[in-house]
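Residue 25 is where the sequence shown starts when you use the working numbering, and the numbers rise one by one after that. For every residue, glycine included, the Cβ atom is placed at its ideal position computed from N, Cα and C. Fair warning: this is a prediction, and the values are worked out from it, not measured in the lab.
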Amino acid sequence: MDWEEVARRARDVQYERPEVPLGIPAAGIGGLRVPLSGIREDSVELSEGTVYAFVDLPPGMRGVNMSRSVRAVLESLEGARSLADLASSAASRLLELHEYSSTARVVVRASAFRAGEAPASGLRSPARFLAMASASADRSGAVRSSVGAAVLGMTACPCGEELMRAAAGGCPAPATHTQRAYLRMEASPAGSTSISRLRSVAAAALGAEPLPLLRRPDEAAVIHGAVSGARFAEDAFRLAALGFARSHPSFPPDGTLRLRVRSLESIHGHDVIVEGSLSGRELRALLGPG
Numbered sequence: 025m026d027w028e029e030v031a032r033r034a035r036d037v038q039y040e041r042p043e044v045p046l047g048i049p050a051a052g053i054g055g056l057r058v059p060l061s062g063i064r065e066d067s068v069e070l071s072e073g074t075v076y077a078f079v080d081l082p083p084g085m086r087g088v089n090m091s092r093s094v095r096a097v098l099e100s101l102e103g104a105r106s107l108a109d110l111a112s113s114a115a116s117r118l119l120e121l122h123e124y125s126s127t128a129r130v131v132v133r134a135s136a137f138r139a140g141e142a143p144a145s146g147l148r149s150p151a152r153f154l155a156m157a158s159a160s161a162d163r164s165g166a167v168r169s170s171v172g173a174a175v176l177g178m179t180a181c182p183c184g185e186e187l188m189r190a191a192a193g194g195c196p197a198p199a200t201h202t203q204r205a206y207l208r209m210e211a212s213p214a215g216s217t218s219i220s221r222l223r224s225v226a227a228a229a230l231g232a233e234p235l236p237l238l239r240r241p242d243e244a245a246v247i248h249g250a251v252s253g254a255r256f257a258e259d260a261f262r263l264a265a266l267g268f269a270r271s272h273p274s275f276p277p278d279g280t281l282r283l284r285v286r287s288l289e290s291i292h293g294h295d296v297i298v299e300g301s302l303s304g305r306e307l308r309a310l311l312g313p314g
């Protein structure tokens, strides 16, 4: 059977008028896995990424031509030098292929590893983190991009520490509860920082860094690092903002830093989440006058 002829005879139902003529802000693909063998982020090598790609759909059109979205992503892989480059190229290509859309957005996420080292034994213990980039494009030709990183840390609760101190009659706190916490940072424009720098700032804002390989002395060092600097999720959020401001003195005033901390509470059945955005002007104000 001639499948090309079949496709020509079939109606292109995406272009039919929908029963409800309502425009849709974002329609597209999610969870598309792509190879990233040709992309590096500083010294970090990436192997596989997951892509989400969306365009807006006008009220007079029934559906998006999904294969065009996949094509835009795969074609943009060729020549992409970074995750931000891939996201920006794909967003622009989406608008070239979807002639009926006026906006496009692409998000790329990839697992990455840094060469970690156990704090006491010095054994190699690779630390995983999430690298990400996103880009939005419109018909004016403008493309706005961002890069980000999400890291896993370990925090100790200052409230529990105080309760245990009071229970011990004012002596140094013998215990508190600890938990894993995730801190995500995204900065735009993408060229104002790097994924590796964001990872470093995020890791420093958390109490300690869990690692896959830890001997007993290493476990003691990690636990000590967390409990000696007990902090709330709110503290980690503020420390990350301050750390970014200090390490990025030239961050543009109209730039944006987005932060999100999620603490997987050990004594509660729910998580604690702290999130927000700061402009470059607000970040500069954290450094005080001068």
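Candidates the options: closest to residue i by CA position
i: S301; options: E243, F268 and L119; result: F268
i: P42; options: R262, P83, W27 and L176; result: P83
i: I219; options: V94, V68 and V44; result: V68
i: E99; options: L110, N89 and S106; result: L110
i: L40; options: M85, D26 and E28; result: Here residue 40 turns out to be Glu, not Leu, going by the sequence shown. Residue M85 is the option with its Cα nearest to E40.
i: A139; options: P182, R270, L101 and E233; result: E233
i: G52; options: D36, S91, W27 and V30; result: S91
i: P143; options: R189, R152 and R240; result: R240
i: S174; options: A245, L46 and F153; result: Here residue 174 turns out to be Ala, not Ser, going by the sequence shown. It is F153 whose Cα lies nearest to the Cα of A174.
i: L56; options: D26, A166, P196 and R133; result: R133
i: F317; options: S125, P196 and A205; result: Any question about residue 317 goes unanswered here, given that the chain covers just 25 to 314.
i: R286; options: D259, A309 and S271; result: D259
i: S271; options: L207, A309, L222 and H294; result: L222
i: I63; options: A192, R33 and A108; result: A108
i: E141; options: A309, A199, D242 and A191; result: D242
i: A199; options: S125, V167, R32 and H248; result: H248
i: G165; options: A190, S126, S224 and V30; result: S126
i: L176; options: V225, A309 and G194; result: V225
i: S252; options: A151, R35 and P182; result: P182
CB contact flag (residue i, residue j, <8 Å)
i: V298; j: A254; result: no
i: R95; j: L60; result: no
i: T202; j: S290; result: yes
i: R163; j: L119; result: yes
i: S169; j: S212; result: yes
i: A265; j: G231; result: no
i: L263; j: A227; result: no
i: L288; j: L147; result: no
i: L307; j: L281; result: yes
i: V75; j: V130; result: yes
i: I48; j: L81; result: yes
First and last residue of the uninterrupted alpha helix (DSSP H) at residue i
i: M90; result: M90 to L101
i: D26; result: Where D26 is concerned, there is no enclosing alpha helix (DSSP H), given that its DSSP letter is neither H nor E.
i: E299; result: That residue, E299, is in no alpha helix (DSSP H); its beta strand (DSSP E) goes V296 to S303.
i: S113; result: L107 to L121
Terminal residues of the beta strand (DSSP E) in which residue i lies
i: L176; result: V167 to A180
i: R284; result: T280 to L288
i: G52; result: I48 to P59
i: G73; result: E72 to L81
i: D162; result: A151 to D162
i: S212; result: T202 to S212
i: R129; result: T127 to R138
Contact with chain B by residue i, beta-carbon distance below 8 Å
i: A51; result: Absent here is chain B; the protein component of the structure consists of one chain.
Nearest-angstrom Cβ-Cβ length linking residue i and residue j, presumed shorter than 8 Å
i: A77; j: V97; result: 6 Å
i: S106; j: E65; result: 6 Å
i: G304; j: P276; result: 5 Å
i: L70; j: A159; result: No, L70 and A159 are not in contact; Cβ-Cβ is about 17 Å, not under 8 Å.
i: V88; j: Q38; result: 7 Å
i: S116; j: A50; result: S116 to A50, Cβ: 17 Å. No contact.
i: G184; j: M209; result: At roughly 27 Å, the Cβ-Cβ gap does not stay under 8 Å, so G184 and M209 are not in contact.
i: M188; j: V246; result: The Cβ separation is near 20 Å, so there is no contact.
i: A104; j: S113; result: 6 Å
i: A214; j: A157; result: 6 Å
Residue i CB to nearest heavy atom of the ligand HEM below 7 Å
i: R262; result: Looking for the ligand HEM in the displayed structure turns up nothing, as the structure carries no ligands at all.
Open item on the list: In chain order, what are the residue ranges of uninterrupted alpha helix (DSSP H) at least 4 long that sit wholly in the segment 228-261?
Closed with: 240-251, all fully within the segment 228-261.
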